Every structure is written in structure tokens, then in C-alpha cells.
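Undergrad: Each protein sequence line maps, in turn, to chains D and C. The working numbering numbers the first residue of the first sequence as 31 and each following residue consecutively. The working numbering numbers the first residue of the second sequence as 31 and each following residue consecutively.
Number of protein chains: 2
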Amino acid sequence: MAQRTAVAVRTRVGGQKQPVAKRPRLARAGGARRGDATRQVILDAAEQCLAAGDFDGVSLRTIGEAAGVDIALVNYHFGSKESLVEEVTGRRAREVHDARVLALEEARHAAGTAPPDVEAVVTAFLQPWLKRISSGDAGWQNYNRLLCRLTMMPKYLPLVSELLDPTALHFINALRAALPEASPESIYWGYMFLLGAVVQIMAGTGRLEQLSRGLCTTDDINSAMREIVPFVCHGLRALERTATEARG
Amino acid sequence: MAQRTAVAVRTRVGGQKQPVAKRPRLARAGGARRGDATRQVILDAAEQCLAAGDFDGVSLRTIGEAAGVDIALVNYHFGSKESLVEEVTGRRAREVHDARVLALEEARHAAGTAPPDVEAVVTAFLQPWLKRISSGDAGWQNYNRLLCRLTMMPKYLPLVSELLDPTALHFINALRAALPEASPESIYWGYMFLLGAVVQIMAGTGRLEQLSRGLCTTDDINSAMREIVPFVCHGLRALERTATEARG
DNA sequence: GAATTAATTCAACGAATGATAAAGACCGAA
DNA sequence: TTCGGTCTTTATCATTCGTTGAATTAATTC
């Protein structure tokens with residue numbers, strides 16, 4: 031098998047490379063196109079596969095097979111493997127960003143004239159996220175793991191930055207207002223601690239379950255919030271305290 | 031080109047698969063073998079490459095080229111790509127584990143009869159790690175990123191568990207003694223928070239630098255410790271407090 | 001219904017991958 | 001020197017990868 035047919039003369043017309051932009055340009059009146067369902071199926075399958083294996087390890091054939099579509103369709107709809115991963119991550123990133131900003135706005139209204147306190151900011155940051163993680167849609171854990179892996183690969187820093195910076199700057203500002211005594215540097219550190227602590231544990235790595243031999247689980251959002259929020263909030267307040275000590 | 035020679039008849043003697051164990055079994059008297067230098071060079075190059083790209087994306091050819099050795103040597107010394115990554119991670123894991131256990135022992139001696147407090151345990155956990163990270167040896171950041179990515183891939187959970195569980199259980203015990211009021215569950219959560227917060231920020235992802243536009247940096251171990259230790263310790267103590275509140 | 005456009009399928013391309021067999025180079029011991 | 005084992009090189013294997021041209025089917029427009 032795998033015998034190459036001796037004929038197979040293929041005239042390549044255009045010598046140039048043009049690996050992108052195959053998707054038609056105009057949307058239909060109603061907005062929904064015929065291939066939109068296919069796009070969604072591919073995105074879902076890609077997300078699932080990419081969260082399991084790593085980027086280069088997951089082949090378009092695997093994704094296509096999981097989605098039940100032909101391989102060539104992936105390239106037809108997304109142009110390349112690279113832009114596929116961008117759409118996979120961007121889809122989730124936009125949704126959770128919007129929900130977080132909305133939650134923060136609500137916290138601002140609830141707080142009245144004063145800025146929301148640390149608990150309110152942290153809750154606005156975590157609630158939309160954890161709610162989705164424990165919604166039963168495994169896609170959110172897949173997304174978290176994928177994003178965390180991308181963060182750990184320097185060459186994806188621009189993509190990660192594009193995906194996460196808007197949210198980060200938004201909540202760093204809110205934290206600054208909630209912790210007026212903390213130095214600007216400490217706020218950045220604190221935000222990274224907050225993010226790291228939660229990502230690591232809520233990405234569905236199975237580490238918590240394995241270490242505790244089933245005693246703990248990340249499935250229940252309420253118990254998760256009960257552990258996470260106090261840890262993070264007290265940690266953040268400590269940054270304010272050390273700043274005061276350093277000054278005094 | 032890439033024209034297959036029509037002859038090229040190769041009799042495969044053993045039909046079975048035996049992809050492993052090419053390395054000779056016995057060590058020489060002096061301990062040092064002729065190929066040990068080669069092994070080290072390959073391990074270093076592999077670590078560097080694996081931290082940049084992802085596991086399946088980095089080819090043995092890339093690693094061999096970076097190490098300045100022939101590709102076949104990689105398979106000769108390590109048997110397969112998979113066992114190469116195990117050796118790469120195991121080498122660092124053992125070193126930092128031993129250093130941490132030693133630091134914890136010293137903290138126990140310093141504390142006398144009472145168990146070391148939270149600050150002492152956390153410092154024993156972080157100091158050996160951060161010292162290596164900011165030692166100038168970029169290999170430690172590479173190792174951190176690689177390990178974090180492996181943690182985010184379910185199929186590597188057994189390997190990650192083998193690498194990290196000994197350290198984890200060691201320090202979870204110490205934390206339990208330092209936080210007698212906290213529930214067993216909270217200790218597991220707290221350890222994961224501790225690990226996550228620090229890994230995320232000390233893996234050299236560049237996120238902290240990017241977000242703070244250069245205001246913060248993870249290069250200086252002293253300033254890093256000054257931010258991390260208070261955050262983590264106050265967070266851990268908060269777990270104890272919530273447990274008391276829940277009980278009362 | 002014809003023409004046009006979008007979506008899908010099929011088959012193959014060239015390039016790169018991990019692996020290995022076979023032969024050569026090196027080296028200490030007899 | 002010769003021998004036996006360790007280490008290295010060469011050349012190639014079968015397989016899989018991302019991508020693409022061309023043909024086919026389905027939907028929309030005139």
C-alpha cells in the first residue's frame with residue numbers, strides 16, 4: 031500500500047503561496063449561512079482535541095474525524111490550522127470577557143459611590159468563569175487548559191495577550207481602586223497570583239482530585255468559590271499591608 | 031527529488047516491535063561512560079526546545095541539531111521521544127525536590143519542638159525553586175513551562191503525578207501542621223493555590239512584564255519573594271479562618 | 001429552468017516525522 | 001595487535017502531516 035502512482039502529473043497553475051482567505055466575503059441577508067453549522071461543529075471538535083493533545087500533535091485529520099466532516103473542509107472554512115486555533119480561543123475569550131465586564135458593572139452599581147471592594151471585584155472576576163466551568167459544558171475546561179498551555183509557549187504570547195489583556199487591564203484597574211494602599215507593582219503581581227491560582231485548579235487537570243484522593247473536587251462551584259475567594263482576597267489585602275509596612 | 035529507489039528491498043528480521051532499551055545495561059567502573067556527555071548535551075537541548083514549542087511540534091531532528099549531534103543518537107541513548115521527555119523532566123524534578131525537602135528539614139530544626147509556621151513552610155517550598163529560576167540558568171524556566179504544559183494535558187497526568195506527588199504530599203503534611211484549624215480539604219485547595227499562583231508567574235511567560243509594561247519583573251528573586259510570600263501566607267491563613275467560621 | 005455561487009468531497013502533493021538496520025569509528029582490555 | 005563492546009554515522013523506512021486542485025453537489029438568484 032501507500033504505493034505512489036507513477037503517473038500523477040499535476041500541473042500547479044499558480045506558483046505563489048496563498049494559504050488564506052478562502053471563505054466567501056459576504057454574509058447573507060438573514061446572517062446565517064449554509065456552512066455556519068459546519069463551522070461550529072469543527073470549532074467544537076477542534077477545541078476538544080486541542081485541549082487533550084498539544085497543538086502540533088493534534089492533526090486536522092483527527093479534528094475532522096471528530097467533527098464528522100472532511101479534512102479539506104477545515105482548510106476551506108478556516109484557511110489554516112493557525113487561524114483555526116485563533117477562532118477556537120477567541121470564541122470563548124469574548125464570551126467570558128463580556129460576562130466579566132458586565133458583572134463588574136453590576137458590582138459598581140451595587141457599591142454606589144465607593145468603588146467595589148476586593149471581594150466584589152474578585153467575585154465579578156470569578157463568578158462568570160466558574161459558572162461556565164461547572165455548567166456541564168466540558169468545553170470551558172478544555173478552553174482553560176488550552177489557554178494555559180498557550181500561555182506557556184512564548185511564541186503564542188501575542189495571541190494570549192490579545193485574548194486576555196482587555197480583561198486583565200479592566201480588573202487591574204478595579205483592584206487598584208479596591209486596594210488604594212497597595213503599590214502599582216503589587217497590583218500586577220496580585221492579579222497574576224489571582225489568575226494563576228484559579229487557572230491551575232479550575233482547568234480540570236485532575237491534580238486536586240488525585241492529590242486529595244477524591245476528597246476534594248472542582249465540580250461544585252459553590253464549594254470552589256468558598257475556598258478560592260477567601261484565599262485570594264486575603265492574599266490581595268496582604269499586598270496592601272506590606273506596602274504600608276515598607277513605606278512606614 | 032524524494033524519488034524512491036525502486037530496489038530498496040529491506041528484510042525486516044524481527045517482525046515484533048521493540049522500540050525501547052537500546053542503552054547498554056551496565057555502568058563502567060569509574061561511573062562515567064563515554065556517551066554521558068552526549069546524553070547531557072541532548073537533554074539540555076531537548077529541554078530548551080520542548081519549552082519553546084510543544085511536545086509533538088518539536089522534532090528529534092530539531093533537538094539533535096540544537097545539540098549538535100546526529101538524530102539517530104537521540105534514539106540510541108533514550109530509546110524513544112517519550113522517554114526523552116521523561117528524563118528531561120525527571121532530572122530537574124529530582125533536584126528541586128531534594129532541595130525542598132532539605133529546606134523543610136532545616137525549618138523543622140529551626141522551629142524546635144513546634145512545627146514550622148506557614149511562612150517557614152512556604153519559604154522552604156519557594157526558596158529552592160526561585161533561587162534556581164533566577165540563577166541565570168534559563169533551563170529552570172524552561173522546565174517550569176514544560177511541566178505546566180504537561181499538567182494541562184490529561185494524558186500526561188501519570189507522569190506529572192510521579193514527578194510532583196512526593197513533593198506535594200511532603201508539604202501538604204507540613205501545611206497541615208502549620209494550620210491545625212484548617213480542614214483537610216482546605217489544605218489541598220491551599221496547596222494548589224500556592225502552586226498555581228507561583229507557577230503561573232515564575233514560568234517566564236512574559237505576561238507580568240507585558241501587562242505591567244515593564245514595571246514588574248520576575249528576574250529579581252528578592253522582590254518576587256517579597257510579593258509572593260505575604261500573598262500566599264495570608265491566603266493560606268484565610269483557609270483556617272473560614273474553617274473556624276463554618277464550624278462556629 | 002438556467003446561471004451563479006457556496007459547500008463539500010475526493011485524491012493526491014511534497015515535506016517532514018519517529019524510528020531503525022547496518023556499517024564504521026573509537027577505545028580499553030587481553 | 002587483536003578483540004569486544006560502546007558510541008556514532010549513514011541511509012532509508014513507512015507513516016503522517018498540512019495543504020491544495022479539481023470535480024461534485026446543493027442552494028440561491030435571475
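Ideal Cβ placement from N, Cα and C applies to all residues, glycine included. Computed from a predicted model, the values in this text were never measured in an experiment.
(1) Once the 5 residues before and after Arg206 of chain C are set aside, which same chain residues still bring their CB inside 6 Å of it?
(2) Step through the CB atoms of chain C and report whether any lies within less than 8 Å of the CB of Ala57 of chain D.
(3) Locate the alpha helix (DSSP H) running through Ser191 of chain C, then write down its first and last residues.
(4) With a threshold of 8 Å, are at least 3 pairs of Cβ atoms found where one atom belongs to the segment 215–231 of chain C and the other to the segment 140–148 of chain C?
(5) Please list, in chain order, the residues of the segment 73–100 of chain C that have any C-beta partner in chain D closer than 9 Å.
(6) On the CB-based measure, 16 or more other CB atoms within 10 Å of its CB, does His107 of chain C come out buried or exposed?
(7) Span of the alpha helix (DSSP H) holding Leu225 of chain D?
(8) So is Pro279 of chain C buried or exposed if we call it buried at 16+ other beta carbons inside 10 Å?
(9) For Gln70 of chain C, decide whether its Cβ has a neighbour in chain D, counting only Cβ atoms nearer than 8 Å.
(10) Check whether chain C comes within 8 Å of Leu189 of chain D, counting only Cβ atoms and requiring the distance to be less than that.
(11) Would you tell me roughly how many angstroms separate the C-alpha atoms of Glu116 of chain C and Arg179 of chain C, rounded to the nearest one?
(12) Between Asp195 of chain D and Ala208 of chain C, what straight-line distance do the alpha-carbon atoms span, to the nearest angstrom?
(13) Closer than 8 Å, CB to CB, is Gly220 of chain D near chain C or not?
(14) Taking the C-alpha atoms as reference points, what is the distance between Ala302 of chain C and Met183 of chain C?
(15) If you draw a straight line from the alpha carbon of Val259 of chain C to that of Arg243 of chain D, how long is it in whole angstroms?
(16) Can you find a CB in chain C that lies within less than 8 Å of the CB of Leu114 of chain D?
(17) Glu211 of chain D by DSSP, collapsed to three states: which one?
(18) What separation, rounded to the nearest whole angstrom, lies between the Cα atoms of Leu187 of chain D and Leu177 of chain D?
(19) Measure from the C-beta of Pro184 of chain D to each C-beta in chain C and report whether the shortest distance is under 8 Å.
(20) Counting only C-beta atoms, is Pro210 of chain D closer than 8 Å to chain C at any point?
(21) So Pro196 of chain C contacts chain D; which residues on that side make the cut at Cβ distance below 7 Å?
(22) Given 8 Å as the limit, is there contact between the segment 71–88 of chain D and the segment 83–94 of chain C, that is, 3 or more CB pairs closer than that?
(23) Taking Gly109 of chain C as the query, report the chain D residues whose CB atoms sit under 9 Å from its CB, ordered along the chain.
(24) What in chain C is Cβ-close to Ile231 of chain D, meaning under 8 Å?
(25) Just reading off the alpha helix (DSSP H) that Pro158 of chain C is part of, what are its end residues?
(26) How far does the alpha helix (DSSP H) with Ala76 of chain D in it extend, from its first residue to its last?
(27) By the 10 Å Cβ neighbour count, where 16 or more other Cβ atoms means buried, how is Thr119 of chain D classified, buried or exposed?
(28) For Phe261 of chain D, return the contacting residues in chain C, with the cut-off set at a CB-CB distance below 8 Å.
(29) Within this structure, are the beta carbons of Val152 of chain D and Leu224 of chain D separated by less than 8 Å?
(30) Counting only runs that start and end within the segment 233–277 of chain C, where is the alpha helix (DSSP H) found for 4 or more residues in a row?
(31) How many angstroms separate the CA atom of Leu238 of chain C from the CA atom of Glu270 of chain D?
TA: Result, derived from the coordinates:
(1) Ile217
(2) Note that Ala57 of chain D has pLDDT 39, beneath the 50 cutoff, so the model's placement of it is unreliable and no number is given.
(3) Residue range 187–208 is occupied by the alpha helix (DSSP H) that includes Ser191 of chain C.
(4) These segments do not touch.
(5) Ala81, Ala82, Gly83, Asp84, Phe85, Asp86, Gly87, Val88
(6) buried
(7) 214–232
(8) Residue 279 of chain C is absent from the structure shown; chain C starts at 31 and stops at 278.
(9) Answer no: the Cβ-Cβ gap between Gln70 of chain C and chain D never drops below 8 Å.
(10) No, no contact with chain C.
(11) 14 Å
(12) 37 Å
(13) yes
(14) Lying before the first or after the last residue shown, residue 302 of chain C is absent from chain C, which here runs from 31 to 278.
(15) 27 Å
(16) no
(17) DSSP places Glu211 of chain D in the coil class of the three-state scheme, outside both helix and strand.
(18) 11 Å
(19) yes
(20) no
(21) Within chain D, no C-beta atom comes less than 7 Å from the C-beta of Pro196 of chain C; the nearest is roughly 11 Å away.
(22) yes
(23) Listed along the chain, the chain D residues whose CB falls inside 9 Å of the CB of Gly109 of chain C amount to none; the nearest CB is some 20 Å away.
(24) Trp219, Met222, Phe223, Gly226
(25) 148–163
(26) 66–82
(27) buried
(28) Against chain C, the beta carbon of Phe261 of chain D has neighbours under 8 Å at Trp219, Gly220, Phe223, Gly265, Leu266, Ala268, Leu269, listed in chain order.
(29) yes
(30) 237–241, 251–277
(31) If you take the alpha carbons of Leu238 of chain C and Glu270 of chain D, they lie about 19 Å apart.
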